[in-house]
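This report refers to the structure that appears directly beneath it.
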Amino acid sequence: MNKEMKLFFDDWITEQDQKVIGKKVVDLFIKYRNDKKMLLLFSKIVSGMGINDFSHTVKYLEQKYDETNINLPTEYKKEIIISVLTQLRKNELLDKHLDEYRMELINAITGFYRLVL
1 MNKEMKLFFD DWITEQDQKV IGKKVVDLFI KYRNDKKMLL LFSKIVSGMG
51 INDFSHTVKY LEQKYDETNI NLPTEYKKEI IISVLTQLRK NELLDKHLDE
101 YRMELINAIT GFYRLVL
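Here is the structure:
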């Protein structure tokens, strides 16, 4: 396998791993949703993801709440948004993309992305 193909597959596998990690952390987050430490863990993990994986993960969170018929009150949505944004602001590498992440987060948590598609 040439070097270019190896890099492609490494990137692809890493991207797929991030999506799997995102789904696993969402499942854990929902299972232990009353534990404040879980919100912090979720926020730290998603704040380290690239924008595509981040978007996929927060949309998956909203979908899972919807599928399981667990109420996601507005106040808790605000807590999630604030927690994730706090962690994103700590990540200096994402500083110039913070608005993009913020919009993805708000659109996903509120379910607005479903109306736009």
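One point on numbering: in UniProt numbering, the residue at position 32 of the sequence shown is 32, and numbering is uninterrupted. C-beta atoms are modelled at their ideal positions from N, C-alpha and C, and glycine is treated no differently.
Taking 8 Å as the cut-off, the Cβ atoms of V84 and S55 do not count as close.
The distance from the Cβ of I30 to that of I70 is about 7 Å, consistent with a contact at the 8 Å cut-off. Where E104 is concerned, the enclosing alpha helix (DSSP H) starts and stops at 98–110. For E104, the closest of L72, E75, G50, Y76 by C-alpha to C-alpha distance is G50. Of the residues assessed, D99 falls on the exposed side of the cut-off, its CB having fewer than 16 other CB atoms within 10 angstroms.
Within a 10 Å sphere around the beta-carbon of V20 sit fewer than 16 other beta-carbons, which makes this residue exposed.
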